[in-house]
Amino acid sequence: MKTYNILYAFLACAILSCSKSDTNTDVEGEGGDTPGADASYNLLVNDNSVISSTLINATAEVLTLNPAKSSFEDMIMPDLVYNDGSIMTSYQKNTDCGGIISQFNFSDNSTTTLDLFAELSDCNLKVTAIAHSDSKLYLTYHLDDSNDYFVRVIDLSQMASNFVDVPLKNESFDPTYIPKELVFANGKLFILGHDESATDEYHLLIMSESTNTLMSDVNLGFDVKQIFKNPAENIIVSYSNLHSEINSSTLKVKYTNYNDSTAPNFVNSKYNYFDSQGRMYYEMPPGDYSSYAIIPAVYDFDNQLAILYAYENFLTEAQSIFEFKIENTTMVSYDDKNDFIVIGYKKMESSNKGGILRIKPAPAPELIDNLDVDGIPYKLYVK
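Heads up: the sequence shown begins at 1 in the working numbering, then just goes up one per residue.
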């Protein structure tokens, strides 16, 4: 389905300044007192291209560093990362023919690590995307001496002969879709493929988890930026001036169109967090709404409402510049136990220092506290 042939629904999207005088209690959060529950944070930080974990104790009043050692082992910044809930899967190429795929579960602190492509030799292999389900790992790959792409399916429940390779085209004359991203949802693997040589269009290939066979091919048109899933297990397809939601069961498509002044601008945000209401927490360029290049934001898909949290609206200039020394936003998450937005940032004049802020959500955003950390905040897991 070509994007320029669609009659789009109008996006009723308001970008709010989020000053303390806002009174709409239905926009974000509950607008009342926080529950005040104890929580624990596992904050991943990037310190000179090494990902490590910082443990943090979080109450409704204060953040404190937890001196305990995390079970998460330091890793070089991986080539590819896939997050789903409390599980993070990463891939790192370590030889021309091989690589390592690792999976860490932040709920039970378990780790799975596998060496890949041990059966191949004398090759130049490239993995283009990864994903996981509860029992399987997925990755798409390509050999330089071939025009064929494959999905490797690794069954974590089997000890031997645990993988199968599924070609992305059945016949040699089929179009070559270069796989860009993978998302697993509702018992299916969704593969974003790009026909670079012929039409320049993007397609969504759908593979069954139970049979490892390709079931459908949906034409997405041009200029797709990324895909991800929402809490309803439906697929969000992001473009510059719109997004679509594809029902993962029926493949029915719903479109939401916007213009430059109302665009939620999540096209480049990769590690988004959804709360139980389906609102997405992410970082975005604010345009004229802030002097910072990237700021926190929340997008309500149901109400087509974007809320920008410009630092100028909940911090004084002395706090943002001199006390916290905020250079840029690097991460946005949500503490559902205390109803706080958690913002990670890089400090000015430092390559490996950062911090996290907690704020109350709209309609009355307000600073709760700050904690300085070694490294640049990368991803937050709340427990």
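All C-beta atoms, glycine included, are put in the ideal place defined by N, C-alpha and C.
First through last residue of the beta strand (DSSP E) which encompasses residue i
i      : result
Gly344 : 340-347
Asn219 : 214-221
Val298 : 295-300
Ala185 : 178-185
Lys379 : 376-382
Asn328 : 326-335
Leu120 : Where Leu120 is concerned, there is no enclosing beta strand (DSSP E), given that its DSSP letter is neither H nor E.
Leu357 : 353-360
Phe150 : 149-155
Asn234 : Element bounds for Asn234: n/a, residue is neither H nor E.
Ala306 : 305-308
Glu245 : 242-246
Thr256 : 253-257
Closest by C-alpha distance to residue i, when choosing among the options
i      : options                        : result
Phe406 : Leu125, Ser133, Asn259, Ser135 : What is shown of the chain runs 1 to 383, which leaves residue 406 out entirely.
Leu242 : Glu283, Phe301, Asn230, Tyr345 : Phe301
Asn268 : Asp223, Ser216, Glu245, Leu44  : Asp223
Pro78  : Ile246, Glu201, Ile51, Ala37   : Ile51
Ala185 : Asp144, Ile227, Phe340         : Ile227
Ile235 : Arg358, Val253, Val153         : Val253
Glu209 : Val218, Ile191, Ala198         : Ile191
Ile356 : Cys97, Asp374, Ala232, Asn303  : Asp374
Thr176 : Gly187, Leu204, Leu156, Phe163 : Leu204
Thr59  : Pro377, Ile376, Tyr378, Asp369 : Asp369
Arg142 : Leu214, Cys97, Ala118          : Arg is not the amino acid found at residue 142; the sequence shown has His there. It is Cys97 whose Cα lies nearest to the Cα of His142.
Thr330 : Gln319, Thr316, Ala318, Ile343 : Ile343
Tyr289 : Asp145, Tyr311, Tyr299         : Tyr311
Asn303 : Glu323, Met280, Glu73          : Met280
Leu308 : Thr262, Ile206, Val166, Lys337 : Thr262
Coil, strand or helix - residue i by DSSP
i      : result
Gln319 : helix
Asn24  : Residue confidence is low: Asn24 scores 37 on pLDDT, short of 50, so the model does not pin down where it sits. Its coordinate-derived value is still stated next. In the structure shown, Asn24 sits in coil (DSSP, three-state: anything other than H, G, I, E or B).
Thr313 : In the sequence as presented, Thr is not what sits at residue 313; that position holds Asn. Here Asn313 sits in helix by DSSP.
Asp369 : strand
Gly278 : coil
Glu195 : For the record, residue 195 in the displayed sequence is Asp; it is not Glu. Three-state DSSP puts Asp195 in coil, outside helix and strand.
Tyr141 : strand
Asp165 : strand
Tyr289 : helix
Ser133 : coil
Val224 : coil
Tyr202 : strand
Phe190 : strand
Asn170 : coil
Glu283 : strand
Tyr271 : coil
Ser350 : coil
Ser208 : strand
Thr250 : coil
Thr262 : coil
Exposure label - residue i; buried when at least 16 CB within 10 Å
i      : result
Leu380 : buried
Asn265 : buried
Asp26  : In this prediction, Asp26 has a pLDDT of 40, which is less than 50 and means its spatial position is unreliable; what the coordinates show is noted afterwards. Exposed.
Glu196 : exposed
Asn42  : buried
Glu327 : buried
Asn259 : exposed
Thr111 : exposed
Glu28  : Any answer about Glu28 is weak, because its pLDDT of 41 lies below 50 and its placement is not dependable; what the coordinates show is given next. With 16 or more other Cβ atoms within 10 Å, it is buried.
Ser291 : exposed
Asp339 : buried
Pro365 : buried
Asn257 : buried
Ile376 : buried
Val382 : buried
Lys360 : buried
Asp275 : buried
Ile130 : buried
Met215 : exposed
Ser351 : exposed
Ala68  : exposed
Chain D within 9 angstroms of residue i, Cβ atoms only
i      : result
Ala318 : Annotation note: the requested chain D is absent from the structure, which comprises a single protein chain.
Report task. Please go through the region 26-114 and give each complete beta strand (DSSP E) segment of 3 or more residues, from N-terminal end onward. Result -> If you keep only unbroken beta strand (DSSP E) runs of at least 3 residues inside the region 26-114, you get 39-47, 50-58, 63-65, 80-84, 87-93, 99-105.
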